[in-house]
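Student:
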Amino acid sequence: MDTPAAVRARDPAAAAHSSTLILSVSAAVVAGFGLVVPDGTGAVVLVAHAVVVVALPAGAGRAVTTERYDRLHLGLLTAVGGVAMVCGLDLVTRDASAAAQAFVLPVLWAGSRLRPAGIVLATTAAVGGEAVTLLVLTPPAVAVVDLATFAAVLVVLAVVLVRAGRVQQRLVDALSQQARIDALTGLVNRRVFDEAPAGARTRRTASGTALLLTDVDTLEQINDAHGHPVGDAVLVHLARILREQVRSEDAVVSRLGGDELAVLLPDCPAAVAATRAERVHEAVRSTPLALADGTLLSLSISLGLAHTAGQAADVEELYSAADRALYEAKRAGRGRVAVATAGLPRQAAGLPRQAAGPGQGVRHRTPAVG
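For the sequence shown, my numbering assigns the number 601 to the initial residue and increments by one for each residue that follows.
#1: Helix, strand or coil: how does DSSP classify G935 here?
#2: Quick one: does G831 have its CB under 9 Å from some CB of chain B?
#3: Give me the Cα-Cα distance between A862 and R931, rounded to the nearest whole angstrom.
#4: For H673, which of helix, strand or coil comes out of DSSP?
#5: Going by C-alpha distance, which of G729, R671, L735, H826 is nearest A890?
#6: Report, in whole angstroms, the separation of the C-beta atoms of L903 and V880, which I expect to be a contact under 8 Å.
#7: Considering only C-alpha positions, which residue in the set G831, S619, A717 is nearest to G682?
#8: Measuring straight from C-alpha to C-alpha, what distance separates A741 and V756?
#9: Please report the straight-line C-alpha distance between A613 and D690, rounded to a whole angstrom.
#10: Does V846 come out as helix, strand or coil in the three-state DSSP assignment?
#11: Look up D824 in the DSSP assignment and say whether it is helix, strand or coil.
#12: If you reduce the DSSP assignment to three classes, tell me which class H617 lands in.
#13: Taking C-beta to C-beta, are G675 and S712 nearer than 9 Å?
#14: Identify the residues that DSSP records as bridge partners of T814: which are they?
#15: Going straight from the alpha carbon of A725 to that of V680, what length do you get?
#16: Assign D670 to buried or exposed, taking buried as 16 or more other Cβ atoms, counted over all protein chains shown, within 10 Å of its Cβ.
#17: Report the rounded CA-to-CA distance for M685 versus V792, giving the unit in angstroms.
#18: Restricting to Cα atoms, I'd like to know which of F750, V834, R715 is closest to G729.
#19: Can you tell which of T723, D859, S920, L864 has the C-alpha that lies nearest to the C-alpha of W709?
#20: Near L787, which residues of its chain fall below 6 Å by C-beta distance, leaving aside the five closest residues on each side in sequence?
#21: So what does R855 bridge to, in DSSP terms?
#22: Nearest to A702 by alpha carbon, out of Q778, T818, V753?
#23: When you compare only the Cα positions, how much space is there between R694 and Q778?
#24: Is the beta carbon of V772 less than 9 Å from the beta carbon of A874?
#25: With a threshold of 16 other CB atoms inside 10 Å of the CB of T809, please say whether the residue is buried or exposed.
#26: Within the continuous alpha helix (DSSP H) that includes P740, where are the two ends?
#27: Taking just the CA atoms, how far does A609 sit from H617?
#28: Roughly how many whole angstroms lie between the Cα atoms of E849 and A921?
#29: Using DSSP's beta-bridge definition, name the partner residues of L889.
#30: Looking at the strands, I want to know which residues DSSP matches up with L577.
#31: Closest to Q768 by CA distance: which of L677, D611, A877, E928 is it?
#32: What is the DSSP secondary structure of A833, reduced to helix, strand or coil?
#33: Would V762 be called buried (16 or more neighbouring beta carbons within 10 Å of its own) or exposed?
#34: Have a look at A698 and V759 and give me their C-alpha separation to the nearest angstrom.
#35: Would you mind sorting V857 into buried or exposed? The rule is 16 or more other CB atoms within 10 Å of its CB.
Right under this line is the structure:
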C-alpha cells in the first residue's frame, strides 16, 4: 500500500536519519522519571526503551532505502509511534506529571519532517494519547483542565510548524527555480543542460540525438544602436520563437550563456533535426522584434547543427561539433544553418574521426540572408 503524498515526509532521507533520535529523546525523558519511581517499574521502562527505540526505528531507518521508508509509512509511523510509546511508558510508570509528558517531541519531529497532513495526524495522536493518560491516571476534573491546556499548546505548535514549513518550502522552491531557470529568457540554464539525465541526452536510439546551437549575428551592433535593454529583448524574443518551434517534451531548450541558445533533441533523426533548424531560422527571419517606438527590428541568427547516427555519443563531442558548425555558419556569411558532418565518433557520424578545420566537416543548408 502506498502512503498518500499528503502525509509523506518532505525529505525522506533526512526523516529516516532523524527518526531514531527523536524516539530516543522521547523515551529517555519518560525513562528518566521511570527510574526514580519507588514501585520498581524503571526496569520495565528501560526494556521498552531498548525494544521500541533501538530494535525497531533504528533498524528500520537504516535497513530500508529512502524510497521504501516512505512507501512503508515509516515517516508517519515514527511520529504516531513516538506518541504511542510515550503514552505506554506513562501508563507503565503511572506518571501523569507535566515532566513526564513528552508528547510534544514527536509533534516537533513531525513538524520538521512531515507535510501538513502528517503534522495534523501526529498532533491528533498526541492529543489522544494525552487524553488517555490523563483520564486513566488523574481525576476527571483535573484531566479535563490539563487536557485542554495541553491540547491548546499542541495545536498552536502544529499551526506554527505548518506555516513555517510552507514558508520554508516556498523559499526552497524559489531558490531551486533560480538555480535552474535563466532569469532573462525563462529557458533552463547551462547547469540544467549539463545535468540533464544521460538517458535523455545520449541514449542509444535508432534515430540518434541532435544538438542545435543558435547565435544572434549582430547583437553587439544592436546593443550599440538601441541599448542593452533592446539586446535583452532580442534574446527574450528568440527564446519565445524557440519554444514555439520546438515542443518542450521533445527537447531541452536552454540558454548556455550570452546570446548562445541550445536545443537538444533526443531520439531525433538527422533529417528532422535539419528541418527544425531551418524552421527556426525562417521563423526568426520572418518575425521581426517590435520596438517601443513601433519600429520593427529584423533579426538574423546563425545555427550550427550536429547529430549522432543512432549510437550513444559523448555530449561534449556533440557540443564541439555543433559549435564548429555554428562558427562555420558565421564565417560563411552568417544568417544560415550549418550542419556538422565530421568531428563526432566514427560510430556516431559514420565518418573517420577527425577535427574539423575551417569549412571541413560542415555542410551549409541555408543561404545567407540578403
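From the three backbone atoms N, C-alpha and C, an ideal C-beta is built for every residue, glycine too.
Tutor: From the atom records:
#1: coil
#2: Within the model displayed, chain B is absent; a lone protein chain is all it includes.
#3: 19 Å
#4: coil
#5: H826
#6: 7 Å
#7: S619
#8: 23 Å
#9: 31 Å
#10: coil
#11: helix
#12: helix
#13: no
#14: L861, L903
#15: 6 Å
#16: buried
#17: 46 Å
#18: F750
#19: T723
#20: A839, V853, S854, R855
#21: N789, L861
#22: V753
#23: 54 Å
#24: no
#25: buried
#26: 740 to 780
#27: 12 Å
#28: 24 Å
#29: Answer is L897.
#30: Look at the range of the chain in this structure, 601 to 970, and you will see that residue 577 is not part of it.
#31: D611
#32: helix
#33: In the assembly as shown, V762 is a buried residue. Its beta-carbon has 16 or more other beta-carbons within 10 Å.
#34: 22 Å
#35: Note that residue 857 is Gly in the sequence shown, not Val. Classification of G857: exposed, given that the 10 Å Cβ count is below 16.
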